[in-house]
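Structure first, then comments.
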Amino acid sequence: MTGTGPVLDVQDLHVTFASSGGDVHAVRGASLQIAPGEVVGLVGESGSGKSVLGLTALGLLPRKPEPRLEGVVLLDGLDMITATDEDMRARRGTDISAVFQDPMGSLNPSMRIGAQVAEAAGGATDEEVAEMLAATGIPEPEHKARAYPHELSGGLRQRVMIAMALSRHPKLIIADEPTTALDVTVQAKVLDLLAAASRERGVALLLVTHDLGVAARICDRIAVAYAGRIVEEGTAAQLLQQPHHPYTVGLLASRPRLDGSIAGGDLPTLPGRPPDPRLPLAGCAFAPRCPAADAQCAGPLAIHVNGERRNECHHPGVLTRWPEGGPHAGRRDPILLKAPNPVVAPAMVRGVPPEPAVVVRGAVREFERPKPFPFAKRPAPFTAVAGVDLEVPHAGSVAIVGESGSGKSTLLRMIVGLLEPTAGDVTLGPGAPPQMIFQDAGASLTPWMPIGKQIEERLAALDVPSSERGARVAATLEAVGLPAEAQTAVPRALSGGQRQRAAIARAIAVPPALLACDEPVSALDVSLAAQVLNLLCHLRETLDIALLFVTHDLAAARAVADEVVVMQRGEIVERAATEDLFTDPQHPYTRELLAAVPEIHAMAVPA
Amino acid sequence: MGALVLRRFGALLAVLFGLACIVFVLQTVIPSDPARAMVGANASQEAVEAKKAELGYDDPLPQQFTQYLQRLAQGDLQSSLRTRNEVTADLREFAPATFELAFSAFVLAVAMGLGLGLLLAGGGRAGRIIRIFLIGGASVPAFLTGLLLILVFYSWLGILPASGRVGDNFIVPDGPTNLLVVDSIIGGTPDLTLDALKHLILPALTLALLPALAIARTLSTSLTQVEREDYVRTARSKGLTERTVLLKHALRNASGPALTMSGLQVGLMLGGVVVVERIFAWPGIGLYIDQSIAYSDFPAITGATLLLGTAYVLVNFFVDLTQAWADPRIRTV
Ligand SMILES: Nc1ncnc2c1ncn2[C@@H]1O[C@H](COP(=O)(O)OP(=O)(O)O)[C@@H](O)[C@H]1O
Ligand code: SF4
Ligand SMILES: [Mg+2]
Chain C
515 MTGTGPVLDV
525 QDLHVTFASS
535 GGDVHAVRGA
545 SLQIAPGEVV
555 GLVGESGSGK
565 SVLGLTALGL
575 LPRKPEPRLE
585 GVVLLDGLDM
595 ITATDEDMRA
605 RRGTDISAVF
615 QDPMGSLNPS
625 MRIGAQVAEA
635 AGGATDEEVA
645 EMLAATGIPE
655 PEHKARAYPH
665 ELSGGLRQRV
675 MIAMALSRHP
685 KLIIADEPTT
695 ALDVTVQAKV
705 LDLLAAASRE
715 RGVALLLVTH
725 DLGVAARICD
735 RIAVAYAGRI
745 VEEGTAAQLL
755 QQPHHPYTVG
765 LLASRPRLDG
775 SIAGGDLPTL
785 PGRPPDPRLP
795 LAGCAFAPRC
805 PAADAQCAGP
815 LAIHVNGERR
825 NECHHPGVLT
835 RWPEGGPHAG
845 RRDPILLKAP
855 NPVVAPAMVR
865 GVPPEPAVVV
875 RGAVREFERP
885 KPFPFAKRPA
895 PFTAVAGVDL
905 EVPHAGSVAI
915 VGESGSGKST
925 LLRMIVGLLE
935 PTAGDVTLGP
945 GAPPQMIFQD
955 AGASLTPWMP
965 IGKQIEERLA
975 ALDVPSSERG
985 ARVAATLEAV
995 GLPAEAQTAV
1005 PRALSGGQRQ
1015 RAAIARAIAV
1025 PPALLACDEP
1035 VSALDVSLAA
1045 QVLNLLCHLR
1055 ETLDIALLFV
1065 THDLAAARAV
1075 ADEVVVMQRG
1085 EIVERAATED
1095 LFTDPQHPYT
1105 RELLAAVPEI
1115 HAMAVPA
Chain B
17 MGALVLRRFG
27 ALLAVLFGLA
37 CIVFVLQTVI
47 PSDPARAMVG
57 ANASQEAVEA
67 KKAELGYDDP
77 LPQQFTQYLQ
87 RLAQGDLQSS
97 LRTRNEVTAD
107 LREFAPATFE
117 LAFSAFVLAV
127 AMGLGLGLLL
137 AGGGRAGRII
147 RIFLIGGASV
157 PAFLTGLLLI
167 LVFYSWLGIL
177 PASGRVGDNF
187 IVPDGPTNLL
197 VVDSIIGGTP
207 DLTLDALKHL
217 ILPALTLALL
227 PALAIARTLS
237 TSLTQVERED
247 YVRTARSKGL
257 TERTVLLKHA
267 LRNASGPALT
277 MSGLQVGLML
287 GGVVVVERIF
297 AWPGIGLYID
307 QSIAYSDFPA
317 ITGATLLLGT
327 AYVLVNFFVD
337 LTQAWADPRI
347 RTV
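Line by line, the protein sequences give chains C and B.
Take any residue in the first sequence, count from 1 to its spot, add 514: that is its number in my numbering.
Take any residue in the second sequence, count from 1 to its spot, add 16: that is its number in my numbering.
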């Protein structure tokens, strides 16, 4: 059956999981073809069915709950929907292989790297294994082959996954969010490796990602998924330069960019959320969120095919750019919040600049390392932060960037008082004590307590009279853009973006002088991330809260900060006003960070 | 790995010391009069006092404690009040039988736990039936299981013996290991080996049943969890067969909690030995303790307790090391 046909041919695929709350329609009629050697991106918000499509092609959908499959998924001629388990197993590794998202979890923790690679290759000598590892850019391959996964960095582990995926020269590799869990500096390199390796060997690649920038960097063709369908498809250049479907326009717009076109203003956001996968769809699934929707859009789907391009919009090309602003645009009126004992700073009256929100001088933080055995000499402590000076002005906004392990979070924790500095001083300005927002909003919310109660507790702790609390809770929820029902909901009942808003609501119920945010949006989808970033900026403006923002995402830093501080190995290597840093980086490490960001604009139109 | 062994060994010594301390405290706080017991109920008060002084019971506690530790270090557990032998000599006589029983039961428990755990995690009809059996079985105490097994296999079917280590018609060899099965193999007497094994089955099964169920439950829970791990999906994506995925990737990573559980169960089994040896008239330490309790034979009781405690700690030391072998991440912390 091999020949010139597509390696993967998905026709009208439906995947449905039975669940107690009703059937979950993960994929609702998706079609997609991949030619031999082609590099295709599958892009969309989380929940759009991308991973399920990839797993169907691999024949690796979970068995419980048993999925219902309709349609055709031809993998080099074999229909993965009707094939027996044994037939599908025989194709895996040889015809199709996979690179998954989380390099921490995708390798067997109790098996040496070399053994895992050899197993993927269907048996290989030590020399062959070392060669395969070397081919994916792993230094000292013989040595690394004897290591266990936990002894390698995330980037190296993902290279190992790639080596395994390539080991039997498959016809197709499914790479599901292969770089999402990696540091920015490593992301670009791993992505380029994946693209180069598959092009060199003529292996087709399906790159599943929620980040259009990532897909744009390496793909020939991009398919945009929404609510279980492919709503637009075309060459990378066509989609980026002339998107036809409004959803594609929205995805493009909500991606923070390094060129600063949105700096100062709002990041455009996609309001709303994808439809509930349990509900039936009539007409265009994107209509509730689409600025161009009209009566026609509720009718039967309009499918336009034109050469390489295909879209499912009644009015292709109606939107050339996403309308300005998100859900908060046009609502700049002061929010009904005030500090418990409103301090009209006397300094302000006299025209003296108010005191900074925080001043850090010579902060050092060391962590003890465990002894290797009971009576051993204690090893020298590990220095996470090595003498840092930092100042966040009143109502200012400072971003700290750097790769993971550079000491950003440790510094932040010292500032909010979660960690004692080993040496140096942290002086907080006047006003309510600082609050902190974490990457995982769940971590800061009490899981069983309704959101309203949690906010109320905060108010009580800071002596807000009980008569005022009810109104304050309502105002706070409104200020962070949460519906009133959120008041009685427990965190589990909220989506990721809503949980992060709830965490913010609790932190600002009594506006602190400083809001410290540790990677507040890195766990969120692009469009949700943009909404949360906008929210933070608005809160800063309306409530005079200073922001201290730790992130490894430079684009996010650019969107919110006046000043950016770059940290490497516990020290500040560069600090500058945001514009200067992005236009004229001084330190080589800053330049490396900037170069590593996958960027739609930096993309050359694929040949 | 070397550093880990050292560290765990340090912990082992510390736990043993703690055990010795607890036994000493129990010995001093429990009201009993070993001196009186030794000289006999009819002896004069003077004789009792003299014996007390001789045994050192009049000395201040700290001094008694150091003497106690010194004796322990020399392996001296004093003399039994009942048998008048050195306790160490008594233990040497009774310990091999218990060791043989406990070891067989442990192997049986781990083997049954492994098999049941795999079946359970595999789901399907076998899994469901086993689950019911597990829930029911876990609440039956060992003595009941023992009696039930005796009823079925000895009284009704008459295919297995239910008392002692060996039939009356055999001459028990004298050493070298005092483990009957081993000695009979060394001595080249297959009939004796077979008979010894037959005698082992019922008590070992009784002792092994509850631990096996606990191990099976723990293993199946962690197997179900590991099944969801990304690396299991990776293993499948390599085109490995389900069997290889289960045995090579899932089982080893799921074994940690089951190993811990096995170690804990050894404690339960060593406690259960007293009951089971009594039911099956098994001439081991359990029986020895049982008889010593009736006599308030403190040196004997403490000696046997120390031995069982040490065995428990040692087994868990090896369980720890096995775990470190199974999970390389433990080795480096
Ligand atoms: N095993 C499963 N059981 C039930 N629902 C599932 C399962 N896997 C995925 N889904 C649902 O299918 C939809 C699509 O999921 P997924 O393919 O993971 O999206 P994406 O990869 O685009 O983020 C989601 O609504 C998700 O909750
Ligand atoms: S069909 Fe209508 S609602 Fe759907 S994307 Fe196009 S314009 Fe928007
Ligand atoms: Mg996904």
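Using N, Cα and C, we set each Cβ at its ideal position, and we do this for glycine too.
Work out the CA separation of residue j and residue i for me, nearest whole Å.
i          : j          : result
LEU275(B)  : LEU35(B)   : 23 Å
CYS827(C)  : PRO805(C)  : 13 Å
VAL912(C)  : ASP609(C)  : 50 Å
ALA1023(C) : ILE1086(C) : 32 Å
ALA63(B)   : GLU70(B)   : 10 Å
ALA801(C)  : GLY558(C)  : 16 Å
HIS528(C)  : ASP537(C)  : 12 Å
LEU88(B)   : MET618(C)  : 49 Å
LEU1057(C) : PRO1025(C) : 7 Å
SER308(B)  : VAL290(B)  : 12 Å
ILE951(C)  : CYS1031(C) : 5 Å
GLY945(C)  : ALA1060(C) : 11 Å
ASP523(C)  : GLY764(C)  : 28 Å
What residue range is occupied by the uninterrupted beta strand (DSSP E) comprising residue i?
i          : result
ILE201(B)  : Not the beta strand (DSSP E): ILE201(B) falls in the alpha helix (DSSP H), residues 196–202.
CYS1031(C) : 1028–1032
ASP939(C)  : 937–942
HIS724(C)  : Per DSSP, HIS724(C) belongs to no beta strand (DSSP E) and is neither H nor E.
SER911(C)  : 911–915
ASN185(B)  : That residue, ASN185(B), is in no beta strand (DSSP E); it is neither H nor E in DSSP.
HIS664(C)  : No beta strand (DSSP E) holds HIS664(C); DSSP gives it neither H nor E.
ARG823(C)  : 823–825
GLU1088(C) : 1085–1091
LEU556(C)  : 553–557
Alpha carbons only, please: which of the options is nearest the one belonging to residue i?
i         : options                                      : result
GLU917(C) : VAL700(C), ASP939(C), PRO944(C), ARG1013(C)  : VAL700(C)
LEU210(B) : LEU176(B), LEU235(B), ALA224(B), ARG233(B)   : LEU176(B)
ALA327(B) : ILE38(B), LEU93(B), PHE119(B), GLN61(B)      : PHE119(B)
PRO550(C) : ARG1105(C), ARG1006(C), GLU642(C), GLY716(C) : GLY716(C)
ALA679(C) : ALA718(C), GLU999(C), HIS829(C)              : ALA718(C)
GLY901(C) : HIS829(C), VAL874(C), SER923(C), PHE614(C)   : VAL874(C)
With DSSP collapsed to three states, give me the class of residue i.
i          : result
ASP593(C)  : strand
SER768(C)  : coil
VAL123(B)  : helix
TYR1103(C) : helix
PRO227(B)  : helix
TYR740(C)  : strand
ASN332(B)  : helix
ILE687(C)  : strand
SER95(B)   : strand
GLN756(C)  : coil
In its own chain, which residues sit with a C-beta less than 6 Å from the C-beta of residue i, not counting the 5 before and 5 after it?
i          : result
PRO112(B)  : ASN194, LEU195
GLY813(C)  : GLY797
ALA1043(C) : VAL1035
LEU124(B)  : ALA220, ALA224
Where does the unbroken alpha helix (DSSP H) through residue i begin, and where does it stop?
i          : result
PHE81(B)   : 77–89
GLU1055(C) : 1040–1057
SER278(B)  : 267–295
If I measure Cβ to Cβ from residue i and keep anything under 7 Å in the same chain, skipping five residues before and after, which residues do I get?
i         : result
CYS733(C) : VAL553, VAL554, GLY555, LEU721, ALA750
PRO895(C) : GLU880, PHE881, GLU882, ARG883
VAL39(B)  : THR318, THR321, LEU322
GLN13(B)  : Given a span of 17 to 349 for chain B in the structure shown, any question on residue 13(B) remains unanswerable.
LEU850(C) : Annotation note: pLDDT 32 at LEU850(C) (below 50); position unreliable, no value reported.
Using a Cβ-Cβ cut-off of 8 Å (strictly less than) and excluding sequence neighbours within five positions of residue i, which residues of its own chain qualify?
i         : result
GLY203(B) : PRO189
Chain A partners of residue i, CB-CB under 8 Å?
i         : result
PRO273(B) : Any reference to chain A falls outside this structure, whose protein chains are C and B.
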